[in-house]
Amino acid sequence: LVVSWWTRQDKRLLVAAALVVLLATGVWELERRIVTEKERLTARVLDFRDAVQDKDEEFAGVFDFFSNSEPSLKVMATAGLRLVTFEDRIRVTTLETSLTSNSTRGETRFRANVSLNIAGYGSVGRQPTMWSLTWRKEADEWRIIKVRRFHPLSHKEMPPLTRAN
């Protein structure tokens, strides 16, 4: 439109080009402001990663992500986090999110890796892992109700706190 306006000097074409730019900007802004439940759950995984990375003495920040109906998950998280010290930032990749049951349940699958120092073993280098978290929406907040760990290459399920990959 701009090239046509330039060659013809027709002001209607310039106005049309300006309207197209304004419309595209409006659509982009509208798309940016609309956040779906799937996007919220994906963001929740990254917030969970940050809470695990920044673990405090009582793990309160981590516990906020687990459902109160699953206290065994909090015990498992406490046991695991007490065993490790992170030597660098946790990197999450291949994050996939799916929702079921009218967007009140969801599953996230992702790979995470980080360099670890494990109590009793010392520094073990970068450890690749693969996780599946099942989430339930409780009081308008996504909470973890199930944790599953998989071998990063074979994709076979394994116990969450197993050292071997």
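Residue numbers (the numbering used here): 72 to 236. Backbone N, C-alpha and C define an ideal beta-carbon position, used for all residues, glycine too. In this text, all values refer to a predicted model and were calculated from it rather than measured experimentally.
Checklist entry - Hey, quick one: how far does the beta strand (DSSP E) through Glu129 stretch, first residue to last? => result Sequence index remark: in the sequence shown, residue 129 carries index 58 (1-based). That residue, Glu129, is in no beta strand (DSSP E); it is neither H nor E in DSSP.
Do three or more CB pairs link the stretch 117-131 to the stretch 161-170 at distances below 8 Å? yes
Original post:
Hey, out of Trp202, Glu141, Arg83 and Gly132, whose CA is closest to Trp225's CA?
Top reply: As a position in the sequence shown, residue 225 is number 154, starting the count at 1. According to the sequence shown, residue 225 is Ser rather than Trp. Closest in alpha carbon position to Ser225, among Trp202, Glu141, Arg83 and Gly132, is Trp202.
Simplified DSSP state of Leu144, which is helix, strand or coil | Counted from its first residue, the sequence shown places residue 144 at position 73. Correct three-state label for Leu144: helix.
Review point. Can you list, in chain order, the residues of its chain whose CB lies under 7 Å from that of Phe157, leaving out five sequence neighbours each side?
Key: Here residue 157 is taken as the residue at index 86 of the sequence shown, counted from 1. If we look at Phe157 and ignore the five residues flanking it on each side, its Cβ neighbours are Gln124, Val185 and Leu187.
Fill in: Beta-bridge pairing of Arg79 - partner residues as DSSP gives them
Along the sequence shown, one-based indexing puts residue 79 at 8. Looking at the DSSP assignment, Arg79 forms no beta bridge with any residue, so it has no partner.
- prompt: Would Trp213 be called buried (16 or more neighbouring beta carbons within 10 Å of its own) or exposed?
  reply: As a working mapping, residue 213 is identified with position 142 in the sequence shown. It counts as buried.
| said: At the level of alpha carbons, what is the spacing between Ser143 and Trp206? | reply: As a position in the sequence shown, residue 143 is number 72, starting the count at 1. As a position in the sequence shown, residue 206 is number 135, starting the count at 1. If you take the alpha carbons of Ser143 and Trp206, they lie about 15 Å apart.
In three-state DSSP terms, what is Lys227? For this step, residue 227 is matched to residue 156 along the sequence shown. Lys227: coil per DSSP, three-state reduction.
ask   = Which residues share a DSSP beta bridge with Ser194?
value = The sequence position of residue 194 within the sequence shown is 123, counting from 1. Asn188.
Quick check on DSSP: helix, strand or coil for Ala183? In the sequence shown, counting from the first residue as 1, residue 183 sits at position 112. Strand.
| Of the residues Val155, Thr171 and Ile216, which one's Cα is nearest the Cα of Tyr192? | Here the question's residue 192 lines up with position 121 in the sequence shown. Tyr192 has its Cα closest to that of Val155, out of Val155, Thr171 and Ile216.
When you compare each of Arg79, Leu112, Val86 and Thr78 to Ile215 by their alpha carbons, which one comes out closest?
Taking the first residue of the sequence shown as 1, we reach residue 215 at position 144. Selected option, being the one with the closest Cα: Leu112.
Inter-residue CB distance, Val133 and Ala122 (contact presumed, cutoff 8 Å): Against the sequence shown, residue 133 aligns to sequence position 62. Against the sequence shown, residue 122 aligns to sequence position 51. About 5 Å; that satisfies the 8 Å criterion.
Check each candidate in Ser140, Asn139, Ser138 and Val146 and name the one with the smallest Cα separation from Glu129. Position 58 of the sequence shown, counting from 1, holds the residue named residue 129. The option with the nearest alpha carbon to Glu129 is Val146.
| Assumed close pair Glu108, Ser174 - CB separation to whole angstroms, cut-off 8 Å | Taking the first residue of the sequence shown as 1, we reach residue 108 at position 37. Taking the first residue of the sequence shown as 1, we reach residue 174 at position 103. Right, the Cβ-Cβ distance comes to about 4 Å (below 8 Å), so this counts as a contact.
Cut-off 6 Å between Cβ atoms - residues of its own chain near Arg182, not counting five sequence neighbours on either side:
Stepping through the sequence shown from its first residue, residue 182 is reached at position 111. These residues qualify, in order along the chain: Thr164, Thr165 and Met201.
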